[in-house]
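Below is one structure, written out as structure tokens, with a few remarks after it.
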Amino acid sequence: MTDQTSNQMWGGRFAAGPDAIMEAINASIGFDQRLAAQDIAGSRAHAAMLAATGILSDSDAAAIREGLLTVLSEIEGGQFAFSTALEDIHMNVEARLKELIGEPAGRLHTGRSRNDQVATDFKLWVRDQIDAAEAGLIALMRALLAQAEAGADWVMPGFTHLQTAQPVTWGHHMMAYVEMLGRDLSRFRDARARMNECPLGAAALAGTSFPIDREMTAKALGFDRPAANSLDAVSDRDFALEFLSAASICAMHLSRFAEELVIWSSAQFRFVTLSDRFSTGSSIMPQKKNPDAAELIRAKVGRIFGATVALMTVMKGLPLAYSKDMQEDKEQVFDAADSLMLALAAMEGMVRDMTGNREALAAAAGNGFSTATDLADWLVRVLNLPFREAHHVTGSLVALAEAKGCDLPDLTLADMQDVHDGITEDVFNVLTVENSVASRTSYGGTAPEQVRAQIARWKEVLA
Ligand code: ARG
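Following this line, the structure appears as structure tokens:
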């Protein structure tokens, strides 16, 4: 006789139910209930296929498919009582289906296993997240494009080592992030295309002796084809790892921009003003307006990287095919996906609302001898000096300006000629930041005309 408390799914072999600790470590229903919609979609596709192949009667399949919709509406309506004893979403759904429709429910699991079921559910869920990430990325790229367009010719300092390097344009800086996010977009799309093979029908690991039609279920669930090796299909989590990898790189990009916004919004820089909607105040210092959203975006990266390392570590020593270790895949991916979507949305809001402070940017653009390279280039172009010598002459002029406490354009022609007697009045033209950026017309350069060309190209790509 089977113990009343033993599992209703496999109770036949068991005399007693699990210890409470066993149940606690084993159950995934606390988190995998997030896969309910995908689980039910997978089961409905499977039932339809079982009927089409004559494995199940049409009436049983119809009862199953109808009953599953009822289960879904109960879950979505918050009326579903999830049970830890039933371990996971798959068994919770099936048990409720049995309460609703009786005997035919027991036929649903023909020719499949929870191993191919969970791989399918999870892949469908990750695929949805990729679509969400894509939408979030495109919205953020559009916000950056709008900023770039408004300030295509605004001058600001460009930095290397966070030291003033050469003047650049605001639009150019914004478009640098559009390029980064564009690569993120293509990484997510690549991952989506690669993962789009259906594990369903791989069954426990070896396939099944039932005459199932895997093409049919794959198609019904929006996959390009069934996964070609049943062992691989149930043991593969590359799709989750690729999502996490793309998410990690994307989050790293967001974090870099977040860091810039933190710096730029400080009283010392005043390059941007963040909107009230995306700032917070201080409970003690009345003057404070803090860039908390940017700081949290910068920090969210830690969770996303952590999830990537965690899942890599879970997978790295697993023999084929399924091992229960793989249940530890979900929470990490859920958390990383939630963090990424929130970070993308917050960044989009911040960028859309922020104001670039044109005057402060322009004032900073001219500081720090930012047109020294333009001066050296002029010496090469007009006086035909070797670049190394021009570099040296310019260095002496910078030292002179520094000693006099002024900027390069404030030196007199006589000052200049003391250092090199070939210098003429004409040199002052290249010392303004506006002329500096306007001259950098090489492909991909900071000149407003180049920036506008890139904006136009991206607008077309995203249209
Ligand atoms: N809850 C399990 C998971 O998330 C479902 C698969 C269980 N398979 C098994 N053979 N016990 O991985």
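Position one of the sequence shown corresponds to residue 554 (my numbering), numbered consecutively onward.
Backbone N, C-alpha and C define an ideal beta-carbon position, used for all residues, glycine too.
Contact test: residue i Cβ vs ligand 1 heavy atom, cutoff 7 Å
i	result
V867	no
M907	no
H662	no
N560	no
R667	yes
K676	no
S581	yes
V671	yes
H643	yes
K877	yes
D585	yes
Q880	yes
Integer Cβ distance of residue i from residue j, believed to fall under 8 Å
i	j	result
A568	L774	Going by Cβ atoms, the distance from A568 to L774 rounds to 39 Å, so no, they are not a contact pair.
R745	M879	In fact, because the Cβ distance is near 21 Å, the residues do not count as touching under 8 Å.
V986	P720	4 Å
V679	V862	That pair is no contact at about 18 Å.
P844	S818	5 Å
F792	K676	5 Å
D674	Q591	4 Å
S801	F858	5 Å
V980	L928	7 Å
D882	V867	6 Å
C-beta atoms of residue i and residue j nearer than 8 Å
i	j	result
A756	G659	no
T722	C751	no
A899	I850	yes
D888	A913	no
A943	V933	yes
D766	A605	yes
L794	M865	yes
C803	L893	yes
A701	I642	no
L1015	Y875	no
K853	A786	no
N780	L814	Before going further, note that residue 780 is Ala rather than Asn in the sequence given. The answer is no: Cβ separation not under 8 Å.
F584	E884	yes
A718	G724	no
E640	I582	yes
L966	A954	no
A1006	V990	no
R649	V624	yes
A799	R856	no
A638	E576	yes
M728	I1008	yes
L784	H599	no
L698	K1012	yes
I978	G689	Contrary to the premise, residue 978 reads as Glu rather than Ile in this sequence. Taking 8 Å as the Cβ cut-off, E978 and G689 do not qualify as a contacting pair.
F822	I816	yes
Q682	F796	yes
Three-pair Cβ contact test at 8 Å for the region 897-908 versus the region 683-698: With the cut-off at 8 Å, the region 897-908 and the region 683-698 touch.
Check whether the region 615-622 and the region 650-667 are in contact - that is, three or more C-beta pairs closer than 8 Å. In short, these stretches touch, since the Cβ pair count reaches three.
Taking contact to mean at least 3 C-beta pairs separated by less than 8 Å, is the region 702-714 in contact with the region 913-932? The region 702-714, when compared against the region 913-932, does touch it at the 8 Å Cβ threshold.
Those runs of the beta strand (DSSP E) which lie wholly inside the region 586-629 and span at least 3 residues: If we require 3 residues or more, the region 586-629 turns out to have no beta strand (DSSP E) run fully inside it.
Examine the Cβ distances between the region 935-942 and the region 726-738 and report whether three or more of them are shorter than 8 Å. The region 935-942, when compared against the region 726-738, does not touch it at the 8 Å Cβ threshold.
Going residue by residue through the region 622-698, where are the continuous alpha helix (DSSP H) segments of at least 4 residues, counting only ones entirely within it? Within the region 622-698, the complete alpha helix (DSSP H) runs of at least 4 residues fall at 642-654.
Every unbroken alpha helix (DSSP H) inside the region 906-977 [4 residues or more]: If we require 4 residues or more, the alpha helix (DSSP H) runs fully inside the region 906-977 come out as 911-918, 925-936, 940-957, 966-972.
Where are the alpha helix (DSSP H) runs, 4 residues long or more, that stay fully inside the region 687-760, in chain order? Here the runs fully enclosed are 723-748.
Which runs of the alpha helix (DSSP H) at least 4 residues long sit entirely within the region 763-802? Give them in chain order. Counting only runs of 4+ residues, the alpha helix (DSSP H) found wholly inside the region 763-802 occupies 767-773, 783-788, in chain order.
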